[in-house]
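Below is one structure; the comments refer to it alone.
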Amino acid sequence: MATNPNLDLSLYLVSDSTPEILGDKDICQVVEQACKGGVTIVQYRDKHAETSVLIKTATKLHSITKKYNVPLLINDRLDVCLAVGAEGVHIGQDDTPLEAVRSMLPSNAIVGVTASSMEEAEAAIQGGADYLGIGTMFATPTKKDTKSIIGTRGTQEILTRCKTGTKHSVGCVAIGSINAANVQRVIHQSTAGENRLNGVAVVSAIMAAADPQGAASELLQRVKNAPEKFYISTRPGSEVASDKGMFEHIPGIIQKHVSSSVLSHNMTNTVVQNFAANVCLATGASPIMSMNGAEAPDLAQLGGGLVINMGTITPDIMNAYQAGVKAYNAAGNPVLLDPVGGGATSVRRQAIQTLLKAGFYDVIKGNEGEIGAVMGSANIQQRGVDSGPSSSSAQQKVEMVKSLAQKERCLVLMTGATDYLSDGTRTAAISNGSKWLGKITGSGCALGSVVVSYLALHRDDKFVAAMAGILHYELAAERAEQHASCRGPGSFIPAFLDELYLIGQDITSVNVSKLARVEFL
Ligand SMILES: Cc1ncc(COP(=O)(O)OP(=O)(O)O)c(N)n1
Ligand SMILES: Cc1nc(C(=O)O)sc1CCOP(=O)(O)O
Numbered sequence: 157m158a159t160n161p162n163l164d165l166s167l168y169l170v171s172d173s174t175p176e177i178l179g180d181k182d183i184c185q186v187v188e189q190a191c192k193g194g195v196t197i198v199q200y201r202d203k204h205a206e207t208s209v210l211i212k213t214a215t216k217l218h219s220i221t222k223k224y225n226v227p228l229l230i231n232d233r234l235d236v237c238l239a240v241g242a243e244g245v246h247i248g249q250d251d252t253p254l255e256a257v258r259s260m261l262p263s264n265a266i267v268g269v270t271a272s273s274m275e276e277a278e279a280a281i282q283g284g285a286d287y288l289g290i291g292t293m294f295a296t297p298t299k300k301d302t303k304s305i306i307g308t309r310g311t312q313e314i315l316t317r318c319k320t321g322t323k324h325s326v327g328c329v330a331i332g333s334i335n336a337a338n339v340q341r342v343i344h345q346s347t348a349g350e351n352r353l354n355g356v357a358v359v360s361a362i363m364a365a366a367d368p369q370g371a372a373s374e375l376l377q378r379v380k381n382a383p384e385k386f387y388i389s390t391r392p393g394s395e396v397a398s399d400k401g402m403f404e405h406i407p408g409i410i411q412k413h414v415s416s417s418v419l420s421h422n423m424t425n426t427v428v429q430n431f432a433a434n435v436c437l438a439t440g441a442s443p444i445m446s447m448n449g450a451e452a453p454d455l456a457q458l459g460g461g462l463v464i465n466m467g468t469i470t471p472d473i474m475n476a477y478q479a480g481v482k483a484y485n486a487a488g489n490p491v492l493l494d495p496v497g498g499g500a501t502s503v504r505r506q507a508i509q510t511l512l513k514a515g516f517y518d519v520i521k522g523n524e525g526e527i528g529a530v531m532g533s534a535n536i537q538q539r540g541v542d543s544g545p546s547s548s549s550a551q552q553k554v555e556m557v558k559s560l561a562q563k564e565r566c567l568v569l570m571t572g573a574t575d576y577l578s579d580g581t582r583t584a585a586i587s588n589g590s591k592w593l594g595k596i597t598g599s600g601c602a603l604g605s606v607v608v609s610y611l612a613l614h615r616d617d618k619f620v621a622a623m624a625g626i627l628h629y630e631l632a633a634e635r636a637e638q639h640a641s642c643r644g645p646g647s648f649i650p651a652f653l654d655e656l657y658l659i660g661q662d663i664t665s666v667n668v669s670k671l672a673r674v675e676f677l
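Following our numbering, the numbering of the sequence shown begins with 157 at its first residue and continues without gaps.
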């Protein structure tokens with residue numbers, strides 16, 4: 157089965173004629189506006205109208221979609237498709253079988269099939285489907301009789317069978333409660349290796365919109381932006397720095413950071429705000445400690461990164477966190493999630509799930525207990541925000557960060573005496589730092605503020621960016637510990653702030669590759 161070269165599934169509009177969704181608008185006007193906004197394929201779906209009405213409406217819709225060179229497919233009904241000469245049909249698992257559909261339609265007709273499992277996907281691919289409508293992504297009021305809610309995890313599994321992007325591929329769109337706020341996360345988190353969604357199918361996000369053209373145009377822009385910016389750790393075409401080779405780049409990145417004033421937007425806990433702001437300033441970033449979700453959309457435009465740190469969580473601040481991640485995802489700027497104390501209470505465990513659904517994260521950072529909580533481990537019971545004694549071997553920690561990075565398609569940084577950093581492919585253990593970092597409040601939180609500004613500054617490779625931030629921080633801590641004045645946690649803090657600043661000024665004379673105690677695993 158070869159991909160139909162004329163099929164652009166980027167933004168698939170499935171129409172709806174019910175008053176709950178269409179309101180008192182005219183379906184033809186809405187579809188025309190959606191075509192103007194950039195939808196690339198339209199399906200006429202009406203579960204209630206009589207055949208004569210279906211044919212009449214489909215004929216009108218077809219004359220509109222043809223003007224915009226957009227294919228029109230008919231939901232379920234081959235007879236209507238043949239009557240109006242539409243470009244194809246979409247069928248579900250309980251509709252006319254694919255083989256029969258193929259035998260009755262012209263050979264160039266587009267046929268799409270709904271798939272909710274790997275078995276259904278494989279059967280549809282074998283049967284010659286042009287594309288799969290993969291769903292249900294998330295529960296939706298638009299279709300109440302959906303069989304299974306599969307989320308991005310289930311979609312990822314199906315995509316492993318679909319070889320998208322090869323000449324033997326089948327097109328793939330996801331469907332079910334997809335809208336402008338979640339479309340990039342859906343695309344990003346559904347990706348399975350090289351296989352990714354070709355686009356998304358939506359009903360209410362366009363049909364129910366007050367401005368269908370604007371809604372379509374915004375969705376299309378987000379679909380188009382999703383791949384380059386989000387679904388791989390390194391930018392396409394950029395040099396992939398691996399293992400020790402990456403240390404050559406790090407002094408240059410630190411030097412650039414020191415004079416950048418790149419924004420580090422912190423929605424962080426009340427305990428560490430002052431310290432984290434000072435750390436940001438000393439490393440060359442410009443901190444803003446704004447917990448106000450309403451200003452996140454403006455701040456997200458400024459090219460910096462956002463830290464969401466759950467340390468002093470309240471119901472109100474959860475709304476701000478969600479507004480923050482949505483705004484930064486939409487702007488294409490990095491977000492770091494620090495699920496502080498995530499394994500301590502059921503409120504925090506629930507908050508993690510809510511935040512993971514609200515958007516996607518470039519980095520998830522935490523101690524062992526917090527990373528375990530994000531992974532949903534039932535055995536994690538943190539005492540407060542500390543990780544407690546570790547029960548895992550180094551190898552188990554490596555497996556944890558790697559598998560979470562692969563699952564969430566992000567960087568995972570597990571902090572501790574040795575830090576573990578993984579992007580799912582490359583994993584490193586970093587043993588720099590000072591014992592005093594473990595004796596002051598907020599050293600882990602402030603590291604998050606530094607890592608996110610490095611990610612915002614150095615866009616080519618997130619892993620290298622994070623490594624640069626970690627080494628800036630931990631080499632400075634090592635130097636601070638050597639100060640004659642440093643006698644304990646209290647005197648460590650000013651020495652550390654000094655060294656964060658001084659090492660940055662001095663970085664060209666620092667032999668980073670020699671000082672970095674980094675093991676690639
Ligand atoms: C693009 C796309 N994907 C899935 C569906 C659902 O089709 P089906 O399973 O036949 O359910 P109904 O649409 O008939 O309710 C779709 N229509 N389009
Ligand atoms: C038509 C349809 N098919 C689905 C499936 O899971 O197969 S979900 C769905 C409705 C999607 O509507 P909205 O974008 O408004 O959530």
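The beta carbon of each residue, even a glycine, is placed where N, CA and C say it ideally should be.
Subject >> Whole alpha helix (DSSP H) elements within the region 205-235, 4-residue minimum >> reply: 207-223
Original post:
Alpha carbon to alpha carbon, how far is A476 from I469?
Top reply: Residue 476 sits at position 320 when you count from the first residue of the sequence shown. Residue 469 sits at position 313 when you count from the first residue of the sequence shown. The straight-line gap from Cα to Cα measures roughly 11 angstroms.
Original post:
Is the CB-CB distance between A550 and A585 below 8 angstroms?
Top reply: Taking the first residue of the sequence shown as 1, we reach residue 550 at position 394. Taking the first residue of the sequence shown as 1, we reach residue 585 at position 429. Yes; because the gap between Cβ atoms is below 8 angstroms, this pair is in contact.
Subject >> Length of the line joining the Cα atoms of N588 and K595 >> reply: Indexing the sequence shown from 1 puts residue 588 at position 432. Indexing the sequence shown from 1 puts residue 595 at position 439. If I take the Cα positions, the gap works out to 16 angstroms.
Original post:
Taking DSSP as the reference, what is the three-state secondary structure of I197?
Top reply: For the purposes of this step, residue 197 is taken as residue 41 along the sequence shown, with counting starting at 1. It is a strand residue.
Original post:
Are there 16 or more other CB atoms within 10 angstroms of the CB of E292, so buried, or fewer, so exposed?
Top reply: Residue numbering aside, residue 292 sits at position 136 when the sequence shown is read from its first letter. Contrary to the premise, residue 292 reads as Thr rather than Glu in this sequence. Burial call: buried.
Original post:
Taking just the CA atoms, how far does L658 sit from T664?
Top reply: Locating residue 664 in the sequence shown gives position 508, where the first residue counts as 1. Locating residue 658 in the sequence shown gives position 502, where the first residue counts as 1. Their Cα atoms are separated by approximately 12 angstroms.
Original post:
Counting Cβ pairs closer than 8 angstroms, one from the region 420-431 and one from the region 597-604, do we hit at least three?
Top reply: yes
Subject >> Neighbour-count burial assignment, E630, 16 or more Cβ in a 10 Å radius >> reply: Numbered from 1 along the sequence shown, position 474 holds the residue referred to as residue 630. Under this definition E630 is a buried residue.
Original post:
Relative to the alpha-carbon of G572, which residue among G467, V554 and T581 has its alpha-carbon at the smallest distance?
Top reply: The residue you call residue 572 lines up with position 416 of the sequence shown. Nearest of G467, V554 and T581 to G572, Cα basis: V554.
Subject >> Cβ contact check for the region 403-411 and the region 214-228: 3 or more pairs under 8 angstroms >> reply: no
**OP:** Along the beta strand (DSSP E) that carries M570, what are the first and last residues, could you check?
**Re:** For the purposes of this step, residue 570 is identified with residue 414 of the sequence shown, where counting begins at 1. Segment L567 to M570, the beta strand (DSSP E) holding M570.
Original post:
Going by other Cβ atoms of all chains shown within 10 Å of its Cβ, with 16 needed for buried, is V503 buried or exposed?
Top reply: Working through the sequence shown from its first residue, we reach residue 503 at position 347. Exposed, because fewer than 16 other Cβ atoms sit within 10 Å of the Cβ of V503.
Original post:
Hey, G459 and L611 are a contact pair by Cβ (cut 8 angstroms); roughly how many whole angstroms apart?
Top reply: As a working note, residue 459 is residue 303 in the sequence shown. As a working note, residue 611 is residue 455 in the sequence shown. Rounded, the Cβ-Cβ distance is 11 angstroms, inconsistent with contact.
Original post:
Does DSSP put Y517 in a helix, in a strand, or in coil?
Top reply: As a position in the sequence shown, residue 517 is number 361, starting the count at 1. Coil at Y517, not helix or strand.
**OP:** Select from E524, S417, N485 and S373 the residue whose C-alpha is nearest the C-alpha of D494.
**Re:** Indexing the sequence shown from 1 puts residue 494 at position 338. Of E524, S417, N485 and S373, the residue nearest in Cα terms is E524.
Original post:
What residues in its chain sit with their C-beta under 6 angstroms from that of A372, if we drop five residues either side in the sequence?
Top reply: Along the sequence shown, read from residue 1 onward, the residue named residue 372 stands at position 216. Cβ within range, chain order: A190, G193, G194, V195 and I362.
Original post:
Which word fits T426, buried or exposed, when buried means at least 16 other C-beta atoms lie within 10 angstroms of its C-beta?
Top reply: The residue labelled residue 426 in the question sits at position 270 within the sequence shown. Looking at its Cβ environment, which holds fewer than 16 other Cβ atoms inside 10 Å, T426 is exposed.
Original post:
When DSSP labels each residue in this structure, what does I334 get in the three-state scheme?
Top reply: Along the sequence shown, read from residue 1 onward, the residue named residue 334 stands at position 178. DSSP places I334 in coil when its eight states are reduced to three.
Original post:
What are the boundary residues of the alpha helix (DSSP H) that H413 is part of?
Top reply: For the purposes of this step, residue 413 is taken as the residue at position 257 of the sequence shown. Its alpha helix (DSSP H) spans residues I406 to V414.
**OP:** Return the Cβ separation of I520 and V568 in integer angstroms, given the expectation that the two are a contact with Cβ distance under 8 angstroms.
**Re:** One-based indexing of the sequence shown puts residue 520 at position 364. One-based indexing of the sequence shown puts residue 568 at position 412. Right, their Cβ atoms sit about 5 angstroms apart.
Original post:
When the Cβ atoms of the region 640-647 are set against those of the region 413-424, are three or more pairs found closer than 8 angstroms?
Top reply: no
Original post:
Under a three-way DSSP split, which group does G349 fall into?
Top reply: Working through the sequence shown from its first residue, we reach residue 349 at position 193. Reduced to three states, the DSSP call for G349 is coil.
Original post:
Taking the alpha-carbon positions, what's the T390 to G283 distance?
Top reply: Locating residue 390 in the sequence shown gives position 234, counting from the first residue. Locating residue 283 in the sequence shown gives position 127, counting from the first residue. With a pLDDT of only 44 at T390, under the threshold of 50, the placement of this residue in the model should not be trusted; the figure read from the coordinates follows. Going by the C-alpha atoms only, they are around 36 angstroms apart.
**OP:** Output the distance between the C-alpha atoms of F676 and V557, rounded to the nearest integer angstrom.
**Re:** Working through the sequence shown from its first residue, we reach residue 676 at position 520. Working through the sequence shown from its first residue, we reach residue 557 at position 401. Going from the Cα of F676 to the Cα of V557 covers about 13 angstroms.
**OP:** Please report the residue range of the beta strand (DSSP E) in which T583 lies.
**Re:** For the purposes of this step, residue 583 is identified with residue 427 of the sequence shown, where counting begins at 1. From DSSP, the beta strand (DSSP E) with T583 extends over T583 to I586.
Subject >> Buried or exposed (CB count within 10 angstroms, at least 16 for buried), N351 >> reply: For the purposes of this step, residue 351 is taken as the residue at position 195 of the sequence shown. Burial call: buried.
Original post:
By the 10 Å Cβ neighbour count, where 16 or more other Cβ atoms means buried, how is A366 classified, buried or exposed?
Top reply: One-based indexing of the sequence shown puts residue 366 at position 210. Looking at its Cβ environment, which holds fewer than 16 other Cβ atoms inside 10 Å, A366 is exposed.
Original post:
Quick one, are the C-beta atoms of A382 and Q340 less than 8 angstroms apart?
Top reply: By 1-based counting over the sequence shown, the position of residue 382 is 226. By 1-based counting over the sequence shown, the position of residue 340 is 184. Result yes, Cβ atoms of A382 and Q340 sit closer than 8 angstroms.
**OP:** Starting from the Cα of G467, find the closest Cα among I183, I197, Q457 and I508 and give me that residue.
**Re:** What you label residue 467 is simply residue 311 of the sequence shown in a count that begins at 1. It is I508 whose Cα lies nearest to the Cα of G467.
**OP:** Could you tell me if V209 is buried or exposed, where buried requires 16 or more neighbouring beta carbons within 10 angstroms of its beta carbon?
**Re:** One-based indexing of the sequence shown puts residue 209 at position 53. By the 10 Å Cβ count, V209 comes out exposed.
Subject >> Stretch-stretch touch, CB-based, cutoff 8 angstroms, three pairs: the region 304-319 with the region 271-278 >> reply: yes
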